[in-house]
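Chemist: Letter by letter, the sequence shown follows residues 461 to 652 in my numbering.
Idealized CB from N, CA, C, for every residue including glycine.
Keep in mind it's a predicted model, so treat the numbers as computed, not measured.
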Amino acid sequence: MGRYSIIYADPPWRYTAKKVQGAAENHYPTMSISELCALPVADLAAKDSALFLWATFPQLPEALRLIQAWGFTYKSVAFVWLKQNRKSPGWFYGLGFWTRGNAEVCLLATRGHPKRQAANVHQFIISPVREHSRKPEEAREKIVALMGDLPRVELFARQSPPGWDVWGNEVEPTIPDFWTKCPEEADQKEGL
């Protein structure tokens, strides 16, 4: 059984449209859903733990699949990030496929019976966009306010915030032996 009561993740989702200006592949390496599902996240999680998982609306089915693969049960949307422009007043609007997206969701899933520590944590985060895919700092603050100052880890981290263990290709991981499965093997097993 793992030691983390809080797992916070912003997976590098792979999209089918790769030749678009704002495509994730233009900014960082992405992972297929089979690669993401193969990560041993369940091994990191305490018996009673919460997963906070960022997902874009086109990737909601994959996000729900990932939650289950990691050993959690979907509960709700923890946060909705309404994106503001970085340098001018008003809302940021992405290109989108059907509509011009300007919101992103962080899903909440649980394992066991974690306890909520505060009832005054609001769902909305209104914050400017920053580098591609970088999430607002306020999300981490809200997670700690909601769940308490518990052992926590951020997966696919871009920085090393105080009080958090981290893993990702943009930080010095504090759990370096986390990824032991070769992603190519996962793709071959699923015939992808």
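(1) Note down, in chain order, each residue of its chain lying with its Cβ closer than 7 angstroms to the Cβ of L606, except the 5 sequence neighbours on either side.
(2) Using 8 angstroms for Cβ pairs, my map puts E564 next to T516. What's the rounded Cβ distance?
(3) Name the DSSP beta bridge partners of I467, please?
(4) Leaving aside the five residues before and after W473 along the sequence, list all residues of the same chain whose C-beta is less than 6 angstroms from its C-beta, in chain order.
(5) Straight-line CA distance for G572 to G531?
(6) Below 8 angstroms between beta carbons: does that hold for L615 and I467?
(7) Quick one: Cα of A529 to Cα of A498, how far?
(8) What does a CB cutoff of less than 8 angstroms around R525 pick up in its chain, not counting 5 residues either side in sequence?
(9) Enumerate in chain order the residues of its own chain whose CB-to-CB distance from W627 is below 6 angstroms, with the five nearest sequence positions on each side excluded.
(10) Could you check which residue in V631, L610, P521, P611 has the C-alpha nearest to that of S620?
Modeler: Looking at the coordinates:
(1) Once the five neighbours on either side are set aside, the close Cβ partners of L606 are R576, Q577, A578, V581.
(2) Correct: roughly 6 angstroms between the Cβ atoms.
(3) L511, V613
(4) Q519
(5) 10 angstroms
(6) For L615 and I467, yes; Cβs fall inside 8 angstroms.
(7) Looking at the two C-alpha atoms, the distance is approximately 8 angstroms.
(8) Short of 8 angstroms from the beta carbon of R525, and not among the five residues preceding or following it, lie these beta carbons of its own chain, in chain order: I493, C497.
(9) L615, P633, I635, F638
(10) V631
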